[in-house]
Each structure stands twice: as structure tokens, then as C-alpha cells.
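One structure is given below, encoded as C-alpha cells.
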Amino acid sequence: MVKQGCWLDDVNCYDRYDECVERKENPDVFFCCCEGNMCNEKFHYSPEMIQTTSNPVPPKPDLFPTLLYSLIPVMAVAVILVISFWMYRRLKLSSPPLLVPSQDPGLMPPSPLLGQKPLQLLELKARGRFGCVWKAQLLNEHVAVKIFPVQNKQSWQNEYEMYSLSGMKHENILHFIGAEKRGNGVDIELWLITAYHEKGSLTDFLKANVVSWNELCLIAQTFVRGLAYLHEDIPSLKDGHKPAVAHRDIKSKNVLLKSDLTACIADFGLSLKFEAGKSTGDTHGQVGTRRYMAPEVLEGAISFQRDAFLRIDMYAAGLVLWELASRCTAADGPVDEFCLPFEEEAGLHLSLEDMQDVVVHKKLRPIFREHWLKHTGLAMLCETIEECWDHEAEARLSAGCVEERIISMQRNTNLIAPDDILSVVTMVTNLDFPPKESSL
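First residue of the sequence shown: 26, per my numbering; consecutive thereafter.
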């Protein structure tokens, strides 16, 4: 004990009344003080247990639960999509097509197993503005399948309705087998199933082949026969009334050739039917393929009457007959390479304005080669073609009249020996043609 006593005032002694206690740990000099009476009588050493405090480091958040909760919905959606796609593919591949059979009452009732027949696409044959055409296998026969995307539903629906009209079964109209819808939602495809003809369209055939006079007559006659039947209104069919139908897209691409070179008309996506007392619906006049548009169509000056639409078909039919004549070997002269109508006059890729200039303003038509006119039959055919594509619609021939003329041409030319052909050219106008039928 070095010193003990009373201090007058020391801030270190405040609030220490009971005893004198040194609480520092290991001091060099022990010191204590207190304020009570005789409080320093006894000295105590009681060091404090100083606890080192530090700011606790906040624990790092556990990201695993958050990540897990985020991934579970994503993975669940992915699994659902994969399972849905797998089930969709399985159903699409395993389920047979549900064919809608032709409703022509003249046909025998369709087999109840028609919808169970497997249909397999084999080869893409053509693409058009409304869809594509496939060669397909239906049991042991080949068929053609025309596939429309869903945005072209109207064309598919219209063509199906035309094929389903009473009396539409004809040897020169493409044979219809059935229709179906494939897929769901945005994947829907609309199919039309028809007979398949290996020779393809008249366009494709003429590009690769020339034709003899008899072959020309056969193709031309069966083509216009089909068109005449299409145009005809037949009220007396036992199965009902066949209305007149305007095709509205006649061209060589829509004329198919059978194995025996007879023709049949296809593609009724733009066709119109005419029934007494019924409207033709929302009809747009300027439709079809520009190259084959009649002058009144190019001008937008169409009378929305049945006869007007039938005459538009006849203008285009004249161009198809010209294509046939251009590849015929009957005349004594060179046969040109295949050319589309107006390809020489306006080019291969032409606009509506090009056609208006050539057909409406200049009134041009595809040319007849001079040596064609030296053949009796071709000369008569050229005269008939000119009356089909007359600028005045009312002056055009009917399809029935053209058919009769072609029959007459073939009959008359077959009576003439080849050596005598040139000697009778001047007599062409004296041959008896069937009367002209401009009133349709």
C-alpha cells in the first residue's frame, strides 16, 4: 500500500460508495477510490472480464432456394411443351386422315373405310400462289394432294364446294376424291385429294413435247368439251340441278393431260357458280392470271353477269389453243420453242400495266406463223382462236361451238391426203363451219 487517504474530488471515484475496488486487469499501479465513509478501509482487486465485441458479419443470403423457385416453373413449362409436342407428333403420324368424300349423288356411296385409308406424300410436284401439289400414295394407287396453308382457306373451301356440286363428275373435269383438314391451330393444313396424272399440265407437256395434228385435235377437243360442260346449266339431272360454273383462271397450267392425251380441267379455287335467284357473293372482277386476262378484266369494266364471266373464260381458252398450235408439227415449217402467250410481246415477267398496254391499248394478240396458215386444219383453228379472243366479249364463241368446230376440222382434214393439203388452202373458207354461237 503506497498511499491511502481522502481526495477532495476525483471524477474516477464518482458513484462508488461501498468499497474500494481496482478492476483494471494487470495494472502497473493498483488504484481504487470510493465516496462512502471509511470506504477505503479495505482494498479489493477484482479485474473486469472485458469482452471484445465486434460487429457481426451479416450472413450471405442463400441463393439456392431463390434459384430453385425460379427454375421450377421454367422447367415445368419446358417439360409440358416437350410432352405436348411428342403427343401431337404421335397423334398426327398415327391417326389416319378423315377424308370428306365427294358428294356427287351420281357416285356410288363412299366406303365407310374411306377415312381409314393411309395417305402418304411421295413427291412435291408443283407450287402455286394458293399452295403446293404432291404426288401421294393412297393404298395401291397414286393420287394428287393439293395442300393449302390455313390463310388460303377460302380458296380450298371454294374448290371443295365446286367439286361437290351436283353433276360435277365428268371425264374432262379432274376427278375429285376427297378433302381433309390436317393439324391444329397455326399448324392446320387443308388438303384436296384428286386423281393423279403423270403427264402433268399442258404447259409442262408442251415445253418438252411437240404434237401432231391428231394429238392437237384430241387435246383441244377434250379441253373445250370439259369447259363447255362446266359452263352448261343442266336442270334435268336425276341427282339435281347442275349450275353453270365460270372457271375464272383458265390457262394451260390448269389443263391436265391423262395418259391417253385427253385433257381435264383443274383448279377451281376462283370459280363461280350461277344459280337462279342467288347472288354470286363477294365477287372480285380482276382475278386470275394476268397473262390470260381478257381486255374487259384488265380495264376493270366487267358486267357481273353469268355470260360475261363465261366469255372471259373463252378469251383465255383461245390463248390455250394458240399454245397448242405453236407446238404442232402439222405445218410444213419449223416448230418454235414453247412460249407463253404474250411472251414475245411483253416478256416473261409482266405487270398488269404491261398487259393493259399490250392487250387493251394496242389490241395485240399472240402471232400466227405464216406457215401455219398453209395447213388446212391449222388455218381453220387460227380462225377459231381469233373468234375466241375477240376484243368484243359479245362476239366470242361459246365453248360448245368451239368443240363442234374442232370436230369438223379434224374430220375435214382427215379426208384430205397429205399431198393435197396445199392445193386446197384456198378452199378453207368454203368448208362448212358450225354456226357461230356468240350468245352464251
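Glycine included, each C-beta is placed from N, C-alpha and C at the ideal position. Since we're looking at a predicted model, the values are computed, not measured.
Under 7 Å, do residue 404 and residue 252 count as touching if we go by C-beta distance?
-> no
Would residue 343 pass as a contact of residue 414 if the rule is Cβ separation under 7 Å?
-> yes
Going by alpha carbons, who is nearest to residue 220 out of 195, 240, 358 and 60?
-> The alpha carbon of residue 220 has as its nearest neighbour, out of 195, 240, 358 and 60, the alpha carbon of 195.
To the nearest angstrom, report how far apart residue 319 and residue 99 are at their CA atoms.
-> Spanning the two alpha carbons is a distance of roughly 60 Å.
For residue 168, the nearest candidate out of 174, 152 and 147 (CA to CA) | 147
Which residues mark the beginning and the end of the beta strand (DSSP E) in which residue 397 is found?
-> For residue 397, there is no enclosing beta strand (DSSP E), as DSSP marks it with neither H nor E.
Supposed contact pair residue 217 and residue 184 - C-beta distance, whole angstroms, cut 8 Å | Right, the Cβ-Cβ distance comes to about 6 Å (below 8 Å), so this counts as a contact.
Is the number of C-beta pairs between the segment 277-290 and the segment 227-234 that are closer than 8 Å three or more?
-> The segment 277-290 makes contact with the segment 227-234, as at least three CB pairs between them are under 8 Å.
From 322, 382 and 89, pick the residue whose C-alpha is nearest to that of residue 337; which is it?
-> 322
Taking only the alpha-carbon atoms, compute the straight-line gap between residue 188 and residue 299 and give it to the nearest angstrom.
-> 14 Å
Specify the secondary structure class of residue 126 as computed by DSSP and reduced to three states.
-> Unreliable placement is indicated for residue 126, whose pLDDT of 45 sits below 50; no coordinate value is reported for it.
What's the gap between the Cα of residue 463 and the Cα of residue 264?
-> Caution applies to residue 463, whose pLDDT of 48 falls short of 50 and renders its modelled position unreliable; the model cannot decide the point.
Since residue 174 sits in a beta bridge, which residues does DSSP pair it with?
-> Residue pairing by DSSP puts residue 174 in a beta bridge opposite 214.
Which residue or residues does DSSP assign as beta-bridge partners of residue 270?
-> Partner residues in the beta bridge of residue 270, as assigned by DSSP, are 298.
Nearest to residue 339 by alpha carbon, out of 317, 358 and 348?
-> 317
First and last residue of the uninterrupted alpha helix (DSSP H) at residue 431 = 424-439
Assuming residue 215 and residue 175 make a contact with CB atoms under 8 Å, what is their CB distance in whole Å?
-> 7 Å
According to DSSP, is residue 154 helix, strand or coil?
-> coil
Sheet register partners of residue 149 (DSSP bridge) | 159
Is there contact between the segment 384-397 and the segment 357-374, where contact requires at least three CB pairs shorter than 8 Å?
-> yes
By how many angstroms is the C-alpha of residue 294 removed from the C-alpha of residue 287?
-> 22 Å
Alpha-carbon to alpha-carbon, residue 209 and residue 172 = About 15 Å.
Any idea which residues DSSP pairs residue 534 with across the strands?
-> Because the chain in this structure spans residues 26 to 465, residue 534 falls outside the shown range and cannot be described.
Where does residue 261 sit, in a helix, a strand or coil, going by DSSP?
-> strand
DSSP beta-bridge partners of residue 110 = Note: residue 110 is not bridge-paired with any residue in the DSSP secondary-structure output.
Where residue 289 falls, given that 16 or more other Cβ within 10 Å makes a residue buried = buried
Which residues in the same chain as residue 161 place their Cβ atom closer than 8 Å to its Cβ, once the five residues preceding and following it in sequence are excluded?
-> 144, 145, 146, 147, 167, 168, 169, 170, 218 and 221
Residues in its own chain within less than 8 Å of residue 273 by CB, not counting five upstream and five downstream?
-> 295, 296, 297, 312, 313, 334, 337 and 338
Would you mind working out which of 303, 421 and 350 sits nearest residue 329, comparing C-alpha positions?
-> 303
Sheet register partners of residue 201 (DSSP bridge) = Partner(s): 219.
Please classify residue 406: is it buried, with 16 or more other beta-carbons within 10 angstroms of its beta-carbon, or exposed?
-> buried
Hey, would you say residue 430 sits closer than 7 Å to residue 409, going by beta carbons?
-> yes
Residue 47 lies in the beta strand (DSSP E); which residues open and close that run?
-> According to the DSSP assignment, residue 47 belongs to the beta strand (DSSP E) that extends over 45-47.
Beta strand (DSSP E) segment containing residue 281, residue limits | 280-282
For residue 360, which three-state DSSP category applies?
-> coil
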